[in-house]
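Novice: Here it is, the structure, as structure tokens.
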Amino acid sequence: MTDSKTKSNAKDSKQAKLPAKNNFSEWYHELLITAEIIDNRYPVKGMCVWFPFGFAIRKNVYSIIRELLDPDHQETQFPLLIPENEFMKEAQHIKGFEDEVYWVTRGGTAPLEVNLALRPTSETAIYPMFKLWIRSHADLPLRIYQIVNTFRYETKHTRPLIRLREITSFKEAHTVHATWEEAAEQVEVAIKRYSEFYHRLALPFLVSRRPSWDKFPGADYTTAIDVIMPDGRTLQVGTAHHLGSTFAKTYEITYEAENGEQKLVSQTCYGISERCIAALLSVHGDEKGLVLPWEVAPVQVAIVPILLGDKEKVLSVCRELQEKLGAARMRVKLDTSDERPGAKFYKWEMKGVPIRLEVGPRDIEKGVVTLARRDGAKKAVPMVALVEAINQEAQELQLVLYGRAKKFNEGRVKEVGSIEEARSQTEAGVALVPWCGEVDCGHQLEDQVGANMLGEPQYQIFSEAACAVCGKKSTVRTYMARQY
RNA sequence: GGGGUUGUAGGGUAGCCUGGUCCAUCCUACAGCGUUCGGGACGCUGUGACCUGAGUUCGAAUCUCAGCAACCCCA
Numbered sequence: 501m502t503d504s505k506t507k508s509n510a511k512d513s514k515q516a517k518l519p520a521k522n523n524f525s526e527w528y529h530e531l532l533i534t535a536e537i538i539d540n541r542y543p544v545k546g547m548c549v550w551f552p553f554g555f556a557i558r559k560n561v562y563s564i565i566r567e568l569l570d571p572d573h574q575e576t577q578f579p580l581l582i583p584e585n586e587f588m589k590e591a592q593h594i595k596g597f598e599d600e601v602y603w604v605t606r607g608g609t610a611p612l613e614v615n616l617a618l619r620p621t622s623e624t625a626i627y628p629m630f631k632l633w634i635r636s637h638a639d640l641p642l643r644i645y646q647i648v649n650t651f652r653y654e655t656k657h658t659r660p661l662i663r664l665r666e667i668t669s670f671k672e673a674h675t676v677h678a679t680w681e682e683a684a685e686q687v688e689v690a691i692k693r694y695s696e697f698y699h700r701l702a703l704p705f706l707v708s709r710r711p712s713w714d715k716f717p718g719a720d721y722t723t724a725i726d727v728i729m730p731d732g733r734t735l736q737v738g739t740a741h742h743l744g745s746t747f748a749k750t751y752e753i754t755y756e757a758e759n760g761e762q763k764l765v766s767q768t769c770y771g772i773s774e775r776c777i778a779a780l781l782s783v784h785g786d787e788k789g790l791v792l793p794w795e796v797a798p799v800q801v802a803i804v805p806i807l808l809g810d811k812e813k814v815l816s817v818c819r820e821l822q823e824k825l826g827a828a829r830m831r832v833k834l835d836t837s838d839e840r841p842g843a844k845f846y847k848w849e850m851k852g853v854p855i856r857l858e859v860g861p862r863d864i865e866k867g868v869v870t871l872a873r874r875d876g877a878k879k880a881v882p883m884v885a886l887v888e889a890i891n892q893e894a895q896e897l898q899l900v901l902y903g904r905a906k907k908f909n910e911g912r913v914k915e916v917g918s919i920e921e922a923r924s925q926t927e928a929g930v931a932l933v934p935w936c937g938e939v940d941c942g943h944q945l946e947d948q949v950g951a952n953m954l955g956e957p958q959y960q961i962f963s964e965a966a967c968a969v970c971g972k973k974s975t976v977r978t979y980m981a982r983q984y
């Protein structure tokens with residue numbers, strides 16, 4: 501604390517640079533403000549304002565989600581308010597959420613006859629409608645999603661984009677199937693789509709089956725996706741739940757099978773929130789600011805004119821380039837603001853712009869532009885082949901980002917054999933721990949390691965090892981980490 | 001769930017311990033004008049703040065209490 505104070509006072513610290521990234525928490529907060537992602541000065545705890553620039557990132561990120569879901573899901577929207585009687589129907593579900601629900605109890609000055617819950621999630625809003633919509637096997641499968649805000653009265657420490665009382669960007673999908681097996685397949689499909697989503701954000705991740713005590717309230721099981729943050733803690737950035745027929749029973753969602761029998765449906769739901777953006781910014785960003793993958797950058801190419809000599813000439817060349825790149829459907833910004841080039845470079849680096857073009861008299865003379873990539877690579881490119889060159893560089897940048905993140909990710913996961921080792925590994929990373937699978941041993945693991953169990957890694961097979969608690973031989977492993 | 005720290009212009013800060021020197025310091029930002037422009041330009045002129053409420057006091061940025069908010073650590 502005192503250190504950073506004296507540091508910012510001392511020397512010629514003319515410009516606000518970000519704190520070192522190994523001081524993750526401080527770096528993260530500064531980044532959100534300086535790069536104009538979100539403003540957490542709104543005077544209600546756990547509720548933040550999206551800056552237009554941050555919202556533009558959100559738009560691009562969520563359009564990937566839409567693109568991935570739209571082929572076989574329908575986007576829809578349900579109300580924010582849920583009547584108390586519907587909300588209170590599913591006992592397990594209530595247990596999981598009732599401490600976190602905001603209630604609307606008055607209309608104007610008069611008390612409401614039926615209190616209304618602000619959705620903490622929308623199962624209890626959607627499923628009564630599913631009962632009305634679903635009559636026959638021909639109505640199945642049904643797959644819908646919505647992107648909405650949800651409210652949770654968090655008692656833990658709130659954090660911008662990570663732990664909020666208003667989640668502004670909750671994408672929740674809900675699917676209905678004829679059989680349990682079909683629903684199980686849908687959970688796999690969901691994880692596959694999310695995998696592709698995170699791959700496009702150049703983010704590596706872990707997939708695991710949550711332990712029984714940490715599954716979604718009312719679910720048969722929960723599969724989750726976690727990203728390892730720069731400080732080694734994990735952030736849950738996606739979940740897919742097999743709901744079995746729990747809600748179907750409660751909300752009487754049945755269909756008429758081909759043989760005329762009335763059967764309960766099987767359901768799934770799966771969600772992603774703005775935490776995906778927290779992960780995106782945190783994993784790729786550096787001390788100069790954001791580093792954004794091409795696909796989600798609000799500004800993909802920034803053109804900085806070097807106004808020397810014939811200024812009009814330089815500007816007109818820049819405008820031509822801007823038009824040309826715009827025609828190639830790139831998001832281009834020509835920076836004509838009254839700053840010197842160096843200041844503009846820093847500004848656009850803070851904003852995570854993947855490609856910067858510098859255009860000055862020297863370049864024009866040679867028929868080139870100077871192309872600088874956000875990861876530092878810099879080269880002269882002939883103007884006639886500019887579009888192709890940019891596309892090429894954008895692809896390479898994507899590979900660099902993914903490679904870098906992958907390396908970090910792999911360096912932070914380690915197989916361990918004992919509780920001692922697990923404890924030290926989870927100080928700044930993820931431990932892969934042998935576990936017999938018993939609930940008792942699981943709780944003891946969490947207690948003694950001082951970290952949470954993420955669950956069994958999916959799509960991996962392990963050899964036999966002794967459970968770190970009871971010593972029983974087992975092929976089961978579990979990830980353990982300190983979680984956000 | 002438990003503990004701790006903090007709240008002064010848009011951002012970062014000095015002042016608080018020891019009440020009056022403060023119509024509040026410095027950096028940055030912002031506005032206007034001019035000179036500039038190949039990695040954070042400079043000059044001149046301006047703009048802008050003591051979280052809210054109550055209390056103590058002749059007098060509160062400073063002390064006390066409460067509220068709100070933010071951050072950190074531990075379970």
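With this note's numbering applied, the first sequence closes on residue 984, and no number is skipped along the way. We put the beta carbon where it would ideally sit given N, CA and C, even for glycine.
Would you kindly report the start and end of the unbroken beta strand (DSSP E) that includes F651?
Specialist: If you number the first sequence from 1, residue 651 lands on position 151. Segment 642-651, the beta strand (DSSP E) holding F651.
Novice: If you count every other CB in all the chains shown that lies within 10 Å of the CB of M501, and 16 or more means buried, which is it?
Specialist: As a working mapping, residue 501 is identified with position 1 in the first sequence. Reliability of the predicted coordinates at M501 is poor, the pLDDT of 26 falling under 50, and no value is obtained from them.
Novice: Looking at the structure shown, is F555 part of a helix, part of a strand, or coil, going by DSSP?
Specialist: Taking the first sequence and counting its residues from 1, the one referred to as residue 555 is at position 55. Helix at F555.
Novice: What do you get for A520, buried or exposed, if any count of 16 or more other CB atoms within 10 angstroms of its CB means buried?
Specialist: The residue given as residue 520 occupies position 20 in the first sequence. That one is exposed.
Novice: Identify every residue that forms a DSSP beta bridge with T609.
Specialist: Walking along the first sequence from the start, residue 609 turns up at place 109. T609 pairs with nothing; no bridge assigned.
Novice: Can you tell me the Cα-Cα spacing of L792 and S563, whole angstroms?
Specialist: For the purposes of this step, residue 792 is taken as the residue at position 292 of the first sequence. For the purposes of this step, residue 563 is taken as the residue at position 63 of the first sequence. Each residue's Cα considered, the two are about 15 Å apart.
Novice: If you follow the alpha helix (DSSP H) that C776 is part of, which residue opens it and which one closes it?
Specialist: Locating residue 776 in the first sequence gives position 276, counting from the first residue. Start and end: 775-784.
Novice: Taking 8 Å as the threshold, find out whether the stretch 523-531 comes into contact with the stretch 774-785 through three or more Cβ pairs.
Specialist: With the cut-off at 8 Å, the stretch 523-531 and the stretch 774-785 touch.
Novice: In its own chain, which residues sit with a C-beta less than 6 Å from the C-beta of D503, not counting the 5 before and 5 after it?
Specialist: By one-based count along the first sequence, residue 503 stands at place 3. Because the pLDDT of D503 is 30, which lies under 50, any placement of that residue in the model is unreliable, and the question is left without a value.
Novice: So the alpha helix (DSSP H) F597 belongs to, where does it begin and stop?
Specialist: Sequence index remark: in the first sequence, residue 597 carries index 97 (1-based). Segment 591-597, the alpha helix (DSSP H) holding F597.
Novice: Assuming T978 contacts M953 (C-beta within less than 8 Å), just tell me the rounded distance between them.
Specialist: To locate residue 978, count along the first sequence from 1; it is residue 478. To locate residue 953, count along the first sequence from 1; it is residue 453. Their Cβ separation, rounded to whole angstroms, is 5 Å, which keeps T978 and M953 in contact under 8 Å.
Novice: I'd like to check one pair, A931 with E921: are the Cβ atoms closer than 9 Å?
Specialist: Your numbering for residue 921 matches position 421 in the first sequence. Your numbering for residue 931 matches position 431 in the first sequence. Against a cut-off of 9 Å, the Cβ pair of A931 and E921 comes out as a contact.
Novice: Run through the stretch 851-915 for me and flag every whole beta strand (DSSP E) of 3 or more residues, listed as ranges in chain order.
Specialist: For the stretch 851-915, whole beta strand (DSSP E) runs of length 3 or above, ordered along the chain, are 855-859, 868-873, 878-882, 913-915.
Novice: Is the stretch 805-817 close to the stretch 545-553, with three or more CB pairs under 8 Å?
Specialist: No, the stretch 805-817 does not touch the stretch 545-553.
Novice: I need the straight-line Cα distance from G785 to V859, nearest angstrom please.
Specialist: Counted from its first residue, the first sequence places residue 785 at position 285. Counted from its first residue, the first sequence places residue 859 at position 359. Rounded to whole angstroms, G785 to V859 spans 26 Å at the Cα level.
Novice: On the CB-based measure, 16 or more other CB atoms within 10 Å of its CB, does D572 come out buried or exposed?
Specialist: Along the first sequence, one-based indexing puts residue 572 at 72. D572 should be labelled exposed.
Novice: Among Y694, I667, C776, S622, which residue has its Cα nearest to the Cα of I557?
Specialist: Reading the first sequence from its first residue, position 57 is the one you call residue 557. Among Y694, I667, C776, S622, the Cα nearest to that of I557 is on C776.
Novice: C769: buried (16+ other C-beta within 10 angstroms of its C-beta) or exposed?
Specialist: Counting from 1 along the first sequence, the entry for residue 769 is found at position 269. Burial call: buried.
Novice: Buried or exposed: where does Y542 fall if 16 or more other Cβ atoms within 10 Å of its Cβ makes it buried?
Specialist: Position 42 of the first sequence, counted from the first residue, corresponds to residue 542. Its Cβ having fewer than 16 others within 10 Å, Y542 is exposed.
Novice: In this structure, how does DSSP classify S513 when only helix, strand and coil are distinguished?
Specialist: Along the first sequence, one-based indexing puts residue 513 at 13. The pLDDT assigned to S513 is 40, lower than 50, so where the model puts this residue is not dependable; a value taken from the coordinates is nonetheless given after this. Of the three classes helix, strand and coil, the one that applies to S513 here is coil, per DSSP.
Novice: Pull up the DSSP beta-bridge partners for K631, would you.
Specialist: What you label residue 631 is simply residue 131 of the first sequence in a count that begins at 1. K631 pairs with nothing; no bridge assigned.
Novice: Buried or exposed: which applies to N606, given that a residue is buried once 16 or more other Cβ atoms fall within 10 Å of its Cβ?
Specialist: Taking the first sequence and counting its residues from 1, the one referred to as residue 606 is at position 106. Going by the sequence as given, residue 606 is Arg instead of Asn. It is exposed - the Cβ of R606 has fewer than 16 other Cβ atoms within 10 Å.
Novice: Express the C-alpha separation of E584 and P611 in angstroms, rounding to a whole number.
Specialist: Here residue 611 refers to the residue found at position 111 of the first sequence. Here residue 584 refers to the residue found at position 84 of the first sequence. Spanning the two alpha carbons is a distance of roughly 14 Å.
Novice: How long is the line joining the alpha carbons of I565 and I772, rounded to whole angstroms?
Specialist: Within the first sequence, numbered from 1, the residue matching residue 565 stands at position 65. Within the first sequence, numbered from 1, the residue matching residue 772 stands at position 272. Answer to the nearest angstrom: the Cα atoms are 9 Å apart.
Novice: Candidates K914, I537, A966: which alpha carbon is nearest H957's?
Specialist: Locating residue 957 in the first sequence gives position 457, counting from the first residue. Position check: residue 957 holds Pro in this sequence, whereas His was assumed. Out of K914, I537, A966, K914 has the C-alpha closest to the C-alpha of P957.
Novice: Considering just the uninterrupted stretch of the beta strand (DSSP E) at C769, what are its terminal residues?
Specialist: In the first sequence, counting from the first residue as 1, residue 769 sits at position 269. 766-772 is the span of the beta strand (DSSP E), which, as asked, contains C769.
Novice: Can you tell which of R982, V544, I961, D947 has its C-alpha closest to the C-alpha of A968?
Specialist: If you number the first sequence from 1, residue 968 lands on position 468. Checking every option, the nearest Cα to that of A968 belongs to D947.
Novice: Going by DSSP, what residue range makes up the beta strand (DSSP E) through L581?
Specialist: To locate residue 581, count along the first sequence from 1; it is residue 81. L581 -> beta strand (DSSP E) spans 581-583.
Novice: How big is the Cα-Cα spacing for Q646 and R663?
Specialist: Taking the first sequence and counting its residues from 1, the one referred to as residue 646 is at position 146. Taking the first sequence and counting its residues from 1, the one referred to as residue 663 is at position 163. Going by the C-alpha atoms only, they are around 20 Å apart.
Novice: K844: buried (16+ other C-beta within 10 angstroms of its C-beta) or exposed?
Specialist: Along the first sequence, read from residue 1 onward, the residue named residue 844 stands at position 344. So K844 ends up on the buried side.
Novice: Nearest to E682 by alpha carbon, out of L743, K715, R709, V707?
Specialist: As a position in the first sequence, residue 682 is number 182, starting the count at 1. For the residues L743, K715, R709, V707, the minimum Cα distance to E682 belongs to L743.
Novice: For A638, does the three-state DSSP call read helix, strand or coil?
Specialist: As a first step, residue 638 is located in the first sequence; it is residue number 138 there, counting from the start. A638: helix per DSSP, three-state reduction.
Novice: Per DSSP, which residues does Q800 bridge with? Please list them.
Specialist: Position 300 of the first sequence holds residue 800. Its beta-bridge partners do not exist; DSSP assigns none.
Novice: Could you tell me the alpha carbon to alpha carbon distance between K507 and Q767, rounded to whole angstroms?
Specialist: Sequence index remark: in the first sequence, residue 507 carries index 7 (1-based). Sequence index remark: in the first sequence, residue 767 carries index 267 (1-based). Because the pLDDT at K507 is just 31, under 50, the model does not fix this residue reliably, and the point stays unresolved.
Novice: To the nearest angstrom, how far is the alpha carbon of K847 from that of R840?
Specialist: As a first step, residue 847 must be located in the first sequence, where it is residue number 347. As a first step, residue 840 must be located in the first sequence, where it is residue number 340. Their backbone Cα atoms lie some 11 Å apart in a straight line.
Novice: What residue does the alpha helix (DSSP H) around R659 start on, and which one ends it?
Specialist: In the first sequence, counting from the first residue as 1, residue 659 sits at position 159. Here R659 belongs to no alpha helix (DSSP H), and DSSP marks it neither H nor E.
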